[in-house]
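Chemist:
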Amino acid sequence: MTGGGIAAIIAAIALLILVLFIGLVLVNASKTLAEINRSLAIITRDVDLISHEAEGIMANANELLEDVNGKVATIDPLFQAVADLSESTSDLNQATRRLAGKVNHTAKTKKTGKVATAMNVGKGAVNLYKNRQKNKQEVK
Numbered sequence: 000m001t002g003g004g005i006a007a008i009i010a011a012i013a014l015l016i017l018v019l020f021i022g023l024v025l026v027n028a029s030k031t032l033a034e035i036n037r038s039l040a041i042i043t044r045d046v047d048l049i050s051h052e053a054e055g056i057m058a059n060a061n062e063l064l065e066d067v068n069g070k071v072a073t074i075d076p077l078f079q080a081v082a083d084l085s086e087s088t089s090d091l092n093q094a095t096r097r098l099a100g101k102v103n104h105t106a107k108t109k110k111t112g113k114v115a116t117a118m119n120v121g122k123g124a125v126n127l128y129k130n131r132q133k134n135k136q137e138v139k
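When we follow numbering that gives the first Met the number 0, the leftmost residue of the sequence shown carries the number 0, and every step to the right adds one.
1. Name the residue from D90, E86, G123 whose alpha carbon lies nearest to the alpha carbon of V102.
2. Pull up the CB-CB distance for A142 and L127, whole angstroms please, since I reckon it's below 8 Å.
3. Is G57 helix, strand or coil when you go by DSSP?
4. Please classify T31: does DSSP put it in a helix, a strand, or coil?
5. So, with DSSP's three-state summary, where would you put M118?
6. Measure the alpha-carbon distance for D90 versus T116 and round it to whole angstroms.
Listed below in structure tokens is the structure:
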């Protein structure tokens, strides 16, 4: 054998080793791609399940929010009525204080006796009642 023949045999062996190495790499790459495909299928299925569950949760949350909004709308008139009652009570307290002050002042300045004081208290009560009725009609 000549030098060229030996070189050709070495080149052929090297080429055979290279082909075997490339074949092993391709087989491993094929296994890896198959595993990736299986993983993607599992992930896709899991993501679909999660998205369906999330849709259900969002639907329940929307329903709950609508229910809460409806209940708040139902309670709003109650809060308004309580606010109106508080305002009326405050007005009544102020009127009572003014009436008591007037009665006290009248009793001190006139000193006409219990009958005059009782008459003034009665007038004040009647005026307070009339003002209260007038305020109720204006509010309606």
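Even glycine gets a Cβ: it sits at the ideal position worked out from N, Cα and C.
Modeler: Straight from the coordinates:
1. The shortest C-alpha separation from V102 is found at G123.
2. The requested residue 142 is not part of the displayed model; the chain covers only 0 to 139.
3. In the sequence under discussion, the amino acid at residue 57 is Met, which differs from the Gly named in the question. If DSSP states are grouped into helix, strand and coil, M57 belongs with the helices.
4. helix
5. In the three-state reduction of the DSSP assignment, M118 falls in the helix class, which pools H, G and I.
6. 23 Å
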